[in-house]
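Letter by letter, the sequence shown follows residues 39 to 251 in my numbering.
Where a beta carbon is used, it is the ideal one built from N, C-alpha and C, also for glycine.
Before any comments, here is the structure.
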Amino acid sequence: MPLISEYAFTPNVFEKESYSSEEVAFLYFQDFKNVLLNQAIVRNLRNGEWLKTFNDNNKSWHLRAKELLKKLVKQNRLNLFPAVLSDTPQNDDNWCREALASHEKEPLDGIITSDEIVCNYKDIFTIVSFNKLSTTQWWKQGPSVRPERTIEAYMEHLRIILQCANSIMFIDPHLDPTRPGYREFVKLIEMICTRKRHPLIEIHRVCYEGSGP
Numbered sequence: 039m040p041l042i043s044e045y046a047f048t049p050n051v052f053e054k055e056s057y058s059s060e061e062v063a064f065l066y067f068q069d070f071k072n073v074l075l076n077q078a079i080v081r082n083l084r085n086g087e088w089l090k091t092f093n094d095n096n097k098s099w100h101l102r103a104k105e106l107l108k109k110l111v112k113q114n115r116l117n118l119f120p121a122v123l124s125d126t127p128q129n130d131d132n133w134c135r136e137a138l139a140s141h142e143k144e145p146l147d148g149i150i151t152s153d154e155i156v157c158n159y160k161d162i163f164t165i166v167s168f169n170k171l172s173t174t175q176w177w178k179q180g181p182s183v184r185p186e187r188t189i190e191a192y193m194e195h196l197r198i199i200l201q202c203a204n205s206i207m208f209i210d211p212h213l214d215p216t217r218p219g220y221r222e223f224v225k226l227i228e229m230i231c232t233r234k235r236h237p238l239i240e241i242h243r244v245c246y247e248g249s250g251p
């Protein structure tokens, strides 16, 4: 389980018609906001085509959805992911298929859609209707984790953070890549270096007076 979860949404989750009343919509979007802005990111499918669907003025996007999307963009919580299927999705079922195909390329923690779409994927645990999230195991999973002390475990748990974070701080009083227990630390830096936009990296460790230059 990574320290930060990554989810995909079909666009209809953000439409007014998906909710029976304004009060109901408020409760769901408050839940989305609490999770997505604190412990998750959203996969921006097909190199950003997913986000561009919300420019379609023929759809009645909920006002709270627009506000949430703006915050996701501002906080850099949209993870650009390349197109997987050959055709651009034309409906929500197509978007669900695209999300599932991307999940097979690189695992997602969950795909959130509507009751109507879920019916086509009944046996796939990853795909859940938004109104079933409160009883879904992978939604709201805590950010605390104790990984094994191996570079493979660290890379697994930190993968999304290293890919998306605006700044990264490593705090270890004894961090020294020349020492046996830290020689693979450079692999984490190499993972960060594959990004197009590099984050600010800080390394905090002790420095003993008289120990050297």
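Please determine if the region 127-141 and the region 77-84 are in contact, where contact requires at least 3 C-beta pairs separated by less than 8 Å.
-> The region 127-141 vs the region 77-84: in contact.
Taking just the CA atoms, how far does I162 sit from V122?
-> 19 Å
Pull up the distance between the alpha-carbon of Q175 and that of V166, whole angstroms please.
-> 11 Å
For A46, the first and last residue of its enclosing alpha helix (DSSP H) = Not the alpha helix (DSSP H): A46 falls in the beta strand (DSSP E), residues 43-47.
If you run the structure through DSSP and keep just helix, strand and coil, what is H212?
-> coil
Apart from the five residues on each side of it in sequence, which residues of its chain come closer than 6 Å, Cβ to Cβ, to L171?
-> W177
Sorted by chain position, which residues of the same chain lie with C-beta nearer than 8 Å to A191's C-beta, five sequence neighbours on each side aside?
-> Cβ neighbours of A191 beyond the five flanking positions: P185.
Shortest alpha-carbon distance to R224 belongs to which of S59, P145, I241?
-> First, the residue type needs correcting, since residue 224 is Val and not Arg in the sequence shown. Cα-wise, what sits closest to V224 is I241.
Check E240 in the structure and name its three-state DSSP category.
-> strand
3-residue-minimum beta strand (DSSP E) runs that sit fully inside the region 71-134, ordered along the chain | 78-82, 116-118
If you follow the alpha helix (DSSP H) that V51 is part of, which residue opens it and which one closes it?
-> First-last for V51: undefined, no H or E at that position.
Helix, strand or coil at G219 [DSSP, three-state] = Assigned with DSSP and collapsed to three states, G219 falls in helix.
Cβ-heavy atom distance between V224 and the ligand GDP below 7 Å?
-> Although the ligand GDP was asked about, the structure shown includes no ligands whatsoever.
Can you tell me which of P218, R233, L226 puts its alpha carbon nearest to the alpha carbon of M207?
-> L226
What three-state label does DSSP hand I165 in the structure shown?
-> strand
Could you tell me which of Q113, F47, L74, F64 sits nearest to F92, measuring between CA atoms?
-> F47
Between the region 71-80 and the region 106-115, do at least 3 Cβ pairs fall closer than 8 Å?
-> yes
Candidates F52, I149, D153, P145, of which the one nearest E105 by Cα | Measuring from the Cα of E105, the nearest candidate turns out to be F52.
When the distance is taken between beta carbons, is V80 closer than 8 Å to Y57?
-> Contact flag unset, no.
Which of helix, strand or coil does DSSP assign to S205?
-> Here DSSP, grouped into helix, strand and coil, assigns S205 to strand.
Can you name the start and end residues of the beta strand (DSSP E) that G148 belongs to?
-> 148-151
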